[in-house]
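Residue numbers (this note's numbering): 8 to 258.
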């Protein structure tokens with residue numbers, strides 16, 4: 008028994024000794040997509056209403072959540088200009104609205120997704136980490152953790168409420184960003200790799216406390232460094248409540 012305890016203690020000390028510096032993790036992650044100019048993808052998003060026991064009338068069973076809502080997203084991000092163009096469609100390809108924004112105006116979850124996880128510009132990445140309160144400069148140590156079967160290097164903000172970020176160990180791919188008292192956030196389950204340019208989130212789950220819906224994102228196609236389309240992008244109002252919530256939360 009003592010032998011097992013000593014072996015476990017040795018492993019824990021060895022693992023701790025080889026934890027990389029947070030700044031090294033970020034620098035290596037950015038270098039992985041050096042030279043990336045643009046990304047263009049199509050995806051399917053599923054919005055599932057979240058059951059809330061507190062909303063059930065006294066003495067009655069909780070009302071079942073509403074059926075899932077599905078829609079399509081096409082997104083183009085140009086890292087040379089910082090421009091982001093996004094269009095939404097129903098499953099039958101009816102337009103549901105379109106949004107044009109910039110990397111600087113993204114939501115916190117959007118900055119994790121399109122900047123920290125994918126941007127080749129180190130200055131923007133580090134600025135986004137600071138805005139999300141997980142800057143490597145403010146962190147004293149990295150911790151080992153696990154997301155399902157993946158071992159991660161991660162760190163959290165020193166203040167309250169907590170914010171934390173995790174990168175896949177040895178792969179330097181951001182897997183999760185969480186914030187707030189309930190630590191809801193963005194979790195990347197798998198990646199697609201367009202050529203050797205970037206590891207693009209393929210399956211993603213998004214949840215935030217206080218929101219009525221949780222979201223699942225599934226990448227359907229991805230292209231890197233393609234020329235911008237010649238026709239002018241036209242923004243259009245978003246009428247769908249599910250799409251509107253997705254845009255506010257994640258884009």
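Ideal placement from N, C-alpha and C gives every residue a C-beta, glycine not left out.
Within its chain, find whatever has a CB closer than 8 angstroms to the CB of residue i; leave out the 5 residues flanking it on each side and keep chain order.
i           : result
residue 216 : 187, 188, 189, 191
residue 136 : 33, 123, 142, 143, 172
residue 204 : 40, 42, 43, 231, 232
residue 121 : 84, 91, 110, 113
Between which two residues does the beta strand (DSSP E) carrying residue i extend?
i           : result
residue 192 : 191-199
residue 112 : Counting along the chain, residue 112 falls outside any beta strand (DSSP E), and DSSP gives it neither H nor E.
residue 231 : 220-231
residue 96  : 90-96
residue 161 : 157-163
residue 214 : No beta strand (DSSP E) contains residue 214, which DSSP labels as neither H nor E.
residue 51  : 45-56
How would you write the range of the alpha helix (DSSP H) that residue i sits in, first residue to last?
i           : result
residue 238 : Neither: residue 238 is in no alpha helix (DSSP H) and is coded neither H nor E.
residue 136 : 129-138
Leaving out five residues on either side along the sequence, give the residues of the same chain with a beta carbon under 6 angstroms from the beta carbon of residue i.
i           : result
residue 221 : 55, 57, 214
residue 168 : 187, 188
residue 206 : 180, 198, 200
residue 119 : 184, 193
residue 92  : 83, 107, 240
residue 53  : 75, 77, 223
residue 47  : 83, 230, 233
residue 247 : 103
residue 81  : 49, 94
residue 89  : 109, 110
Mapping the DSSP letters down to three states, classify residue i as helix, strand or coil.
i           : result
residue 247 : coil
residue 208 : strand
residue 178 : coil
residue 149 : coil
residue 101 : coil
residue 34  : helix
residue 83  : strand
residue 169 : coil
residue 256 : helix
residue 122 : helix
Can you find the residues in the same chain that come closer than 7 angstroms, C-beta to C-beta, to residue i, ignoring five residues on each side of it along the sequence?
i           : result
residue 244 : 104
residue 73  : 56
residue 152 : 159, 161, 173
residue 96  : 78, 79, 102, 103
residue 175 : 157, 159, 182
residue 250 : 78, 95, 103, 104
Measure the beta-carbon distance from residue i to residue j and round it to whole angstroms, keeping in mind my assumption that it falls under 8 angstroms.
i           : j           : result
residue 228 : residue 49  : 5 angstroms
residue 140 : residue 166 : 7 angstroms
residue 196 : residue 178 : Contact flag wrong, Cβ pair sits at about 14 angstroms.
residue 154 : residue 182 : 5 angstroms
residue 86  : residue 38  : Wrong, their Cβ atoms sit about 15 angstroms apart, outside the cutoff.
residue 226 : residue 209 : 4 angstroms
Any contact between the segment 143-163 and the segment 197-206? By contact I mean 3 or more CB pairs, one from each, below 8 angstroms. no
If we count Cβ pairs, one from each stretch, closer than 8 angstroms, do we get three or more for the segment 25-38 versus the segment 107-122? no
Would you check if there are 3 or more beta carbon pairs closer than 8 angstroms linking the segment 125-145 to the segment 34-52? yes
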